[in-house]
Amino acid sequence: MGDASYGDVVKARVRTLLERFLAYANDELENCERFKIDCNWETPKQVIVRTQLRVLAELSGLSKEQVRDGLNALKDFLKILEDLREHKRGSENWHFRLKLWDDKRNKDGNLQKFDAEWQRCREELPGVQRAEAKKAKLAPTPYNNLPLSSVVEFVGREAELQELHQLLQENQQVAIAAIAGMGGVGKTQLALQYANSHRLSYQGGICWLSAPQDVGVQLEDFALSVLKLNPPPEDLGSNLVRRIKYYLNNWREGEVLLVIDNVTNYREEVRCYLESVPSRFKQLITTREKLQSPIVRLDLDVLTPLAAMQLLKSIVGRERLRREPLVARELCKRLGYLPLGLELVGRYLLGDKELSLAEMLQYLEKEGLNHEALKEVPQEMRVKLGVAAAFELSWRRLRENAQHLGCLLSLFAQAPIPWELVEGITINNEAQNWKQARRELLQLHLLQRKAEGVYQLHPLLREFFQYKLTGLEQAEEFKRALCQVMISIAKKIPNSPTLQQIKNFGPAIPHLTQVANDLIKFTSDDDLIWSFLGNARFYNGQGLYTKAEPWYYQCLEATKKRLGKEHPYVASSLNNLAGLYRDQGRYSEAEPLYSQALAMWRKLQGEEHPDVASSLNNLAGLYRDQGRHSKAELLLIQALAMQRKLQGEEHPDIATSLNNLALLYSDQGRYSEAEPLYSQALAMQRKLQGEEHPHIAQSLNNLAGLYYSQGRYSEAKPLYIEALAMRRKLLGEEHPHIAQSLNNLALLYYSQREYSEAEPLYSQALAMRRKLMGEEHPYVAISLSNLAGLYYSQGRYSEAEPLFIQALDILERQLGVNHPNTLTVRENLADLRVGEDRRRHRLNSQQ
């Protein structure tokens, strides 16, 4: 126990043994009955156990020697195990009493107490005391979100681990990178091992971030759910960068470790959030990107021969290598000293106790890894051949169903895979025993468990399974089966997904994208459309228009190609793309698409059809946006009459038409006609869709707008606030509808001369619209004009004028010189300039 690195190795084994035993005790394992363990719980914290070493080895994934060492550590080091065996020397049967710190059901609590107790015991040993830790009586930080590790025992990188710690002591940003971009060298595992073994050092917390996802969103979630920080002030609004700065400034005391895994573009993924953070925030990055100063690199190569031997020994046991030391060295060499290859071969050997290392080497030579063949092979190619050979051996050991599962998983994207997606896949309409197959893949280290119910293939293994898939008769059947599951997900994504729905669908989106990009030919015409439409709705519903546009465009082109230029699906695709252009303020591009869709639906469906009514409604909305009110009113009245005839008096589409017609009347100052329509629409939506829905929030906002226009501020304010709160709950902090609510509430405060309340809301709305809609959107111009008006009212003329000029320039180009909004801004700018000239004249006269 005196050696620090050896102590960490033993700790990892003991922790794994304890964790798996607690999982067994709480019935969290599949087929628990296969483990012959007699447990007699005296209390929820104390149990008497009778079992055998081989059973505990199977339970924990350790060797019997490692289990024996672990039990002895629990007995002699932690003193929570009492050995009750009568004959102790070399006995395979174990009889002991185990005392836990907490109730057996509190697995996480027991493991945290284990970490703390292990550290305390180590600090009391000669040579490993830490004066500062002992003085402060620190325990490992509970503020962490570290993922599960697929490695039972971490060996072979002790030197790199020490170097990494030294670099992080001297620098704020350190990147773990692979030499020549090589895969399988263990970048993520090194970062995870470092984080786990230094939980005492980082009392401020250890936050694990996955760069392919939004780093800012993950940081905020950690701050709120793990650190339990108070939410930021409301005046920060939805500006995520500003909110992250607030969290960093209010973070818990102590050194902090931020691990950012799998960074592909540091500038876009990370720097905007962590560009200037306090020095106590250390950043540990894993990447293939060639990052420059001030980020310091730690380049990982394959293992040294000695480290490779240590890794193999940790898996198969010391005695097995001792019997064939020369063969073991050659085995490591043939595998290119790559951790992934050694893990695969080690797991294979662990599963076959009678297989000698010499026989294993012969098997590898049959796969082309003989000494002569490798003489002239570059190191990187040798590594790849080693992994390929190791994989082939593991492949042959798998039963057919497990082979099929590996190939099936390779069809998913290179992203974490929710197991529920796999469970939904049937072959020939028959359910498969995928759980049993999954167990085989996990036992051979061919699949990684990333979190509860989430799994992932290593990129190299994914490539190998894809290669094997080409030789399977069922290959096309697997592809079709995956397509069916993902399309069923796509069909559930609504046009206006809520925040919770976005969170629920998010993990499936990379795999839906994979289907849309690579498996198109295995889908039906209907499924093809849904693969594009599901992705488009997911992004469009969040206001991420630039991400949604290519999916809508691909959907249109694919439907034309497969179904011809005149088909209801083509009309629907035209309508969807037009709606996106309208949301982006690209009205001149939207109008011809809406018109084409309307003409096509009339031709294909007849003059009276719900699709025709919907198309009339959409085109009318565009006319209203353009200020063409008479044309819009004609279409809206026509659409509403058609919907009432076809769909009855109560239908979501009718509520939408009532709302749109009321909006138009409100724009025209026809308030007495607008108010009953708003009220009818709101009542109908509440009846049909419940009390909380994005459409209800929109209706509340619109009715509040009517009250505002009439000067009924006391009636408008609670509706604006209710709409904003509902939108934040349903849509998140950043969404075009949130910007609309902020803008409208600011207008109300402005009208009541509460300028200090209005200004931050205007600023937030403007920033959000710029981010989500781009600099040229008419709504950005409206926000510029509103903020300028506020400055004007406060006498801040030099600040107001450039904003009016920017707004006018956008509106003239986007809506035309005679649009009502353009005319309003032009008049406001003229008033400001006249008022400024008069003010100057008065000042000159006084002089």
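Residue numbering for the sequence shown follows the UniProt record's numbering, starting at 1 and increasing by one per position. A virtual CB, placed ideally from N, CA and C, is assigned to each residue, including glycine.
Closest Cα partner of residue i within the set the options
i	options	result
residue 486	511, 22, 473 and 475	511
residue 160	177, 144 and 664	177
residue 154	568, 313, 39 and 395	313
residue 469	776, 327 and 410	410
residue 300	412, 258 and 163	163
residue 768	680, 754, 389 and 739	739
residue 81	68, 760 and 358	68
residue 192	231, 258 and 291	258
residue 445	362, 47, 145 and 149	149
residue 731	395, 792 and 503	503
residue 751	609, 764, 708 and 785	708
residue 74	118, 497 and 63	118
residue 859	539, 555, 241 and 636	As shown, the chain starts at 1 and ends at 847. That puts residue 859 outside it, with no answer to give.
residue 202	186, 169 and 210	169
residue 517	530, 507 and 505	530
residue 422	587, 18 and 489	489
residue 534	572, 493, 689 and 567	493
residue 641	621, 551 and 614	614
residue 754	713, 770 and 424	713
residue 17	40, 70 and 52	70
residue 298	270, 273, 173 and 362	173
residue 50	60, 63, 84 and 317	84
residue 10	722, 453 and 72	72
Residue i burial status per 10 Å Cβ neighbour count (16 or more: buried)
i	result
residue 381	Low local confidence applies: a pLDDT of 49 at residue 381 is under 50, so the model's placement there is unreliable, and no value is given.
residue 834	exposed
residue 249	exposed
residue 672	exposed
residue 264	exposed
residue 261	buried
residue 813	exposed
residue 166	exposed
residue 215	buried
residue 537	buried
residue 606	exposed
residue 373	Annotation note: pLDDT 47 at residue 373 (below 50); position unreliable, no value reported.
residue 346	buried
residue 43	exposed
residue 859	Within the shown structure, residues of the chain are numbered from 1 to 847, placing residue 859 beyond reach of any answer.
residue 135	Here residue 135 scores only 37 on pLDDT, less than 50, and its place in the model should not be relied on; the value that follows carries that caveat. Exposed: under 16 other Cβ atoms inside 10 Å.
residue 793	exposed
residue 326	exposed
residue 20	buried
residue 36	exposed
residue 741	buried
residue 728	buried
CB-CB length for residue i against residue j, believed under 8 Å
i	j	result
residue 205	residue 253	With a Cβ gap of about 10 Å, residue 205 and residue 253 do not count as contacting.
residue 762	residue 783	7 Å
residue 576	residue 594	The Cβ separation is near 11 Å, so there is no contact.
residue 340	residue 458	6 Å
residue 224	residue 231	7 Å
residue 142	residue 189	Not a contact, Cβ separation roughly 23 Å.
residue 817	residue 785	Not quite, the Cβ-Cβ distance comes to about 15 Å (not below 8 Å), so this is no contact.
residue 639	residue 666	Not confirmed; about 18 Å, so no contact.
residue 256	residue 222	Contact doesn't hold; Cβ gap of about 10 Å is too wide.
residue 778	residue 803	Not really, about 15 Å apart at Cβ, beyond 8 Å.
residue 483	residue 519	5 Å
Residue i - partner residues in DSSP beta bridges
i	result
residue 173	283
residue 39	49
residue 82	97
residue 121	Note: residue 121 sits in no beta bridge, so no partner.
residue 32	Answer by DSSP bridge pairing: none, since residue 32 is not bridged.
residue 296	174
residue 448	456
residue 418	454
residue 205	256
residue 423	For residue 423, which the question treats as bridged, DSSP gives no partner whatsoever.
| request: Can you check the stretch 209 to 270 for any alpha helix (DSSP H) of at least 4 residues that lies completely inside it and give the ranges in chain order? | output: 215 to 225 and 240 to 249
| query | For the stretch 472 to 540, which segments carrying the alpha helix (DSSP H) assignment without a break, of at least 4 residues, lie completely within its bounds, in sequence order? | reply | 475 to 490, 499 to 505, 509 to 518 and 525 to 540
| Contiguous beta strand (DSSP E) assignments of at least 3 residues, all confined to the stretch 557 to 622 | Along the stretch 557 to 622, the beta strand (DSSP E) does not occur as any fully enclosed run of 3 or more residues.
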